[in-house]
Every structure is written in structure tokens, then in C-alpha cells.
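*Asks:* If you read the sequence shown in my numbering, its first letter stands for residue 91, the second for the next number, and so on.
Here's a structure for you.
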Amino acid sequence: MTIENLLLAMVNERRKTKTDEDDDYVHIQQLDSQWPRLFQSYFLSPTTRLSQTTTNTTSDDDLVFYVTRQVDNDFHHPLHLVEVFRHHDTKRQPRLGTPEYDWEETTNLNLVLHQFEYTVTTAVCTKT
Numbered sequence: 091m092t093i094e095n096l097l098l099a100m101v102n103e104r105r106k107t108k109t110d111e112d113d114d115y116v117h118i119q120q121l122d123s124q125w126p127r128l129f130q131s132y133f134l135s136p137t138t139r140l141s142q143t144t145t146n147t148t149s150d151d152d153l154v155f156y157v158t159r160q161v162d163n164d165f166h167h168p169l170h171l172v173e174v175f176r177h178h179d180t181k182r183q184p185r186l187g188t189p190e191y192d193w194e195e196t197t198n199l200n201l202v203l204h205q206f207e208y209t210v211t212t213a214v215c216t217k218t
């Protein structure tokens, strides 16, 4: 599977739920949505998982990210939290299709985080 295949599948799935109006509607994920299947195929499956772009391997990043579907916050806007799990820790990962997760946003986030190279710089400051 390639990133091009994933992008085409994402466009096709998005067309199923997108109306002609832009942001003036409430998006409710359908029960027969293919987002959990896309997420599983491209980010979880050991045989079809996307490779990392720079090294063409799947072993670089063993983290998967899940976007939760939360109630409105104090400002009446949806509040989404991100949960992070190790790729091989399948016992702790949420079940695919669980309605507490936004599977479209989960797929989008993993696409971005797995296909770009990041450098993290940390520092430890101590008081002497």
C-alpha cells in the first residue's frame, strides 16, 4: 500500500459525509464508516502498514495516535484529546470502530505524524 492509495481512499470516504456547505453543519460519523478500516490497514496492520518516507521501513515509529471524541468544552467547541499507544501494545489500544474515537481525525493525525520527519530537542535544567 502506498501513501497515494491512502490519500485517494481518504478523499473517497470524505466525499461520503461532506455536504456542499462548508463548516456550518455538525459532522456525525456514520456507523458504516470506512475510517477505522483505513486506519487499521495503513497504520496498524503488520503486512499493509505504510512505510516511513525517509527510510522506507515501518520500524522507525512505534507510536499510534488516537483522537478522542469529547463533549463540548466551556466555550461550546468540540474538545478532542489525543491518546498515544505503542504500535505493538494491541491489548491497550482501543477497539476499531469504538464511537468514543474520531476515526477520521485519528487517520489524519497519524498520516501527518508518520509521514513527516521531526526533530525533538530537549533540555534538562538544574538549579545549582
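Every residue gets a Cβ at the ideal spot worked out from N, C-alpha and C, and that includes glycine.
Please look up how many angstroms separate the CB atoms of threonine 197 and tryptophan 125, rounded, as I've assumed it's under 8 Å.
*Replies:* On the sequence shown, residue 197 is found 107 positions in, with the first residue counted as 1. On the sequence shown, residue 125 is found 35 positions in, with the first residue counted as 1. Their Cβ separation, rounded to whole angstroms, is 6 Å, which keeps threonine 197 and tryptophan 125 in contact under 8 Å.
*Asks:* Could you check what DSSP says for phenylalanine 175 in three-state terms: helix, strand or coil?
*Replies:* For this step, residue 175 is matched to residue 85 along the sequence shown. The answer is strand: DSSP assigns phenylalanine 175 an E or B state.
*Asks:* Serine 135: buried (16+ other C-beta within 10 angstroms of its C-beta) or exposed?
*Replies:* For the purposes of this step, residue 135 is taken as the residue at position 45 of the sequence shown. Exposed, since its Cβ has fewer than 16 Cβ neighbours within 10 Å.
*Asks:* If we call anything under 8 Å between Cβ atoms a contact, is tyrosine 132 one with leucine 97?
*Replies:* By one-based count along the sequence shown, residue 132 stands at place 42. By one-based count along the sequence shown, residue 97 stands at place 7. For tyrosine 132 and leucine 97, no; Cβs fall outside 8 Å.
*Asks:* With DSSP as the reference, please indicate the residues paired to leucine 153 in a beta bridge.
*Replies:* The count along the sequence shown starts at 1 and reaches residue 153 at position 63. In the DSSP assignment, the residues bridged to leucine 153 are Arg176.
*Asks:* Tell me whether histidine 178 is buried or exposed, calling it buried when 16 or more other Cβ atoms sit within 10 Å of its Cβ.
*Replies:* Indexing the sequence shown from 1 puts residue 178 at position 88. Exposed, by the Cβ-count rule.
*Asks:* What separation, rounded to the nearest whole angstrom, lies between the Cα atoms of tryptophan 193 and alanine 213?
*Replies:* Taking the sequence shown and counting its residues from 1, one reaches residue 193 at position 103. Taking the sequence shown and counting its residues from 1, one reaches residue 213 at position 123. Rounded to whole angstroms, tryptophan 193 to alanine 213 spans 34 Å at the Cα level.
*Asks:* Residues in its own chain within less than 6 Å of lysine 106 by CB, not counting five upstream and five downstream?
*Replies:* Position 16 of the sequence shown, counted from the first residue, corresponds to residue 106. Cβ within range, chain order: n/a, list empty.
*Asks:* Would you mind giving the Cβ-Cβ distance between leucine 171 and threonine 188, rounded to the nearest angstrom? I have them listed as a contact below 8 Å.
*Replies:* Position 81 of the sequence shown holds residue 171. Position 98 of the sequence shown holds residue 188. Incorrect: roughly 14 Å between the Cβ atoms, too far for contact.
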